[in-house]
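Written out below as structure tokens is the structure these notes cover.
Protein chains: 2
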Amino acid sequence: MALRHAVLAALLDHELSGYQLAKAFDLGVANFWHALPQQLYAELAKLEKAGMIEGRDVVQDTRPTKRLFRVTDAGLAELERFTEAASKPSFLRDDLLVKIQAADHVDTGHLIEQLTERAAFAQAKLDLFGQLLLRMRGERDEEEFLLHGERIGPYLTCLGGITYEQGNRDWCRRTAEVLEQRQAARARS
Amino acid sequence: MALRHAVLAALLDHELSGYQLAKAFDLGVANFWHALPQQLYAELAKLEKAGMIEGRDVVQDTRPTKRLFRVTDAGLAELERFTEAASKPSFLRDDLLVKIQAADHVDTGHLIEQLTERAAFAQAKLDLFGQLLLRMRGERDEEEFLLHGERIGPYLTCLGGITYEQGNRDWCRRTAEVLEQRQAARARS
DNA sequence: CCACCATACTCAATAATCTGACTAATCAGA
DNA sequence: TCTGATTAGTCAGATTATTGAGTATGGTGG
Chain A
1 MALRHAVLAA LLDHELSGYQ LAKAFDLGVA NFWHALPQQL YAELAKLEKA
51 GMIEGRDVVQ DTRPTKRLFR VTDAGLAELE RFTEAASKPS FLRDDLLVKI
101 QAADHVDTGH LIEQLTERAA FAQAKLDLFG QLLLRMRGER DEEEFLLHGE
151 RIGPYLTCLG GITYEQGNRD WCRRTAEVLE QRQAARARS
Chain B
1 MALRHAVLAA LLDHELSGYQ LAKAFDLGVA NFWHALPQQL YAELAKLEKA
51 GMIEGRDVVQ DTRPTKRLFR VTDAGLAELE RFTEAASKPS FLRDDLLVKI
101 QAADHVDTGH LIEQLTERAA FAQAKLDLFG QLLLRMRGER DEEEFLLHGE
151 RIGPYLTCLG GITYEQGNRD WCRRTAEVLE QRQAARARS
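The listed protein sequences correspond, in order, to chains A and B. Just so you know, the first sequence maps onto residues 1 to 189 in the UniProt record's numbering. Just so you know, the second sequence maps onto residues 1 to 189 in the UniProt record's numbering.
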């Protein structure tokens with residue numbers, strides 16, 4: 001049941017349409033949750049019926065009419081309840097890790113390729129997140145912003161994303177390096 | 001469809017029963033995939049029907065009879081196919097991140113509590129993983145083991161788990177610290 | 001001796017997520 | 001001018017994952 005809360009949390013900052021929300025929850029960006037458009041539209045409908053968000057139609061002359069949503073008091077109360085409850089631990093579920101687990105029984109070339117790719121992807125997200133941080137804190141330095149900024153939630157989750165992607169990148173590079181060295185050693189013998 | 005491959009990868013090292021597998025895929029331990037017992041029993045049944053694993057009953061005098069499974073050649077071929085295919089990126093889906101995203105609209109005390117808890121959990125996993133590494137490489141030092149060890153897949157995923165949990169722990173601590181400082185600053189004003 | 005935990009599983013039902021296709025309009029580039 | 005990308009959604013269906021309960025036996029702590 002956390003998708004609904006993720007949607008509520010995303011709508012705290014700005015009014016958003018389903019489409020904009022879908023962009024935010026997409027692969028490249030999602031720094032605190034991931035979901036597909038279909039899920040989001042369904043969840044928005046449910047949340048509106050439950051009175052936790054309110055939508056208003058915005059007619060655009062050049063683009064299709066969109067529906068912007070904002071969180072209601074009931075929605076905020078729901079988020080509050082959610083926050084009080086214990087968090088369920090987050091678990092790993094990663095194709096690439098499964099492949100590495102099987103590394104000794106499986107073609108090394110493909111593994112190295114995919115590790116390199118993943119490392120590059122992580123680096124790209126790091127660059128993006130870095131820019132995002134700058135945009136959020138503006139002129140202020142990080143220490144100052146975190147102490148006195150008015151809205152630090154997204155900044156903190158972005159920092160989380162950075163920590164995660166750094167770990168990801170470094171592990172991928174290290175692992176690729178190990179596999180390459182073994183390949184080279186095997187080739188020499 | 002990666003659960004089946006995770007099961008295959010887990011069975012590469014040792015013959016395991018569904019119950020043992022369930023232990024390994026449990027929260028506390030799972031360092032490359034997570035799943036519940038029911039899923040695993042179901043997957044084992046499917047894999048056996050598909051000829052990718054073979055089970056044999058082991059009668060025990062003091063415990064219920066168990067069924068141990070090992071990977072067949074067909075299973076290995078399936079893993080090989082899986083490895084060749086591109087990995088789907090892994091995404092974040094974490095209750096705690098959602099709560100932090102909403103940090104400015106929600107009770108800070110609960111957040112700090114949950115961050116501290118999560119940090120302690122991450123540290124516990126780090127200790128566990130550290131011991132696991134030692135047990136896997138035995139007397140050898142890491143560099144040597146990674147270059148010449150015969151089975152390094154599980155070692156590499158364990159290193160992945162360590163990187164992940166370190167990031168997790170550090171971010172939780174940092175975030176809790178920030179929230180505490182803000183709480184203190186607000187109390188003074 | 002009795003409650004509880006560990007081993008070793010099974011079954012059913014619901015909830016969450018993903019795959020894939022479809023509508024319909026505008027805009028930018030070759 | 002035709003193609004493809006972008007905006008803004010909707011629908012059906014399949015697959016995965018979670019929740020909750022139940023079976024049966026043996027060992028352990030109080």
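Backbone N, C-alpha and C define an ideal beta-carbon position, used for all residues, glycine too.
Would you mind stating whether residue i and residue j have Cβ atoms separated by less than 8 Å?
i, j, result
"Q183/A", "T116/A", "no"
"G28/A", "Q101/B", "no"
"G167/A", "Y155/B", "no"
"L12/B", "V178/A", "no"
"A45/B", "L92/A", "no"
"Q39/A", "L3/A", "yes"
"L97/B", "A103/B", "no"
"Q114/B", "S87/A", "yes"
"R169/B", "L126/B", "yes"
Between residue i and the ligand FMN, is there a pair consisting of the residue's CB and a ligand heavy atom that are separated by less than 7 Å?
i, result
"E84/A", "In the structure shown, the ligand FMN is absent, as is every other ligand, since no ligand is present at all."
Mapping the DSSP letters down to three states, classify residue i as helix, strand or coil.
i, result
"F82/B", "helix"
"D26/A", "coil"
"D57/A", "strand"
"R137/A", "helix"
"L12/A", "coil"
Using the Cα positions of residue i and residue j, report the straight-line distance between them to the nearest angstrom.
i, j, result
"Y41/B", "L16/B", "12 Å"
"E150/A", "H14/A", "14 Å"
"L68/B", "C172/A", "33 Å"
"D95/B", "I162/B", "21 Å"
"E43/A", "L36/A", "11 Å"
"D6/B", "W33/B", "The sequence given here places Ala at residue 6/B; Asp does not occur at that position. The alpha-carbon atoms of A6/B and W33/B are separated by roughly 7 Å."
"H148/A", "M1/A", "32 Å"
"F25/A", "G18/A", "10 Å"
"A10/A", "S189/A", "56 Å"
"L159/B", "T175/B", "24 Å"
"K23/A", "T65/B", "52 Å"
"R137/B", "H105/A", "18 Å"
"E144/B", "E142/A", "41 Å"
"R118/B", "K99/B", "13 Å"
"R70/B", "T157/B", "21 Å"
"R186/B", "L47/A", "33 Å"
"A85/A", "L21/A", "25 Å"
"R63/A", "R140/A", "37 Å"
Assuming residue i is part of the alpha helix (DSSP H), what are its boundary residues?
i, result
"I100/A", "D95 to Q101"
"E145/B", "The question names Glu, but residue 145/B is Phe in the sequence shown. First-last of the alpha helix (DSSP H) with F145/B: E142 to H148."
"K46/A", "P37 to K49"
The beta strand (DSSP E) that contains residue i, what's its start and end?
i, result
"F32/A", "Careful: F32/A lies outside any beta strand (DSSP E) and carries neither H nor E."
"R182/A", "Note, R182/A: premise wrong, no beta strand (DSSP E); alpha helix (DSSP H) at G153 to R188."
"R67/A", "K66 to V71"
**Report entry** Three or more C-beta pairs below 8 Å linking the stretch 66-77 of chain A and the stretch 43-55 of chain A
**Finding:** yes
Query - Three or more C-beta pairs below 8 Å linking the stretch 118-129 of chain B and the stretch 126-143 of chain A - result: no
Report task. Spell out a yes or no on whether the stretch 55-62 of chain B and the stretch 78-85 of chain B are touching, meaning 3 or more CB-CB pairs, one atom from each, closer than 8 Å. Result -> no
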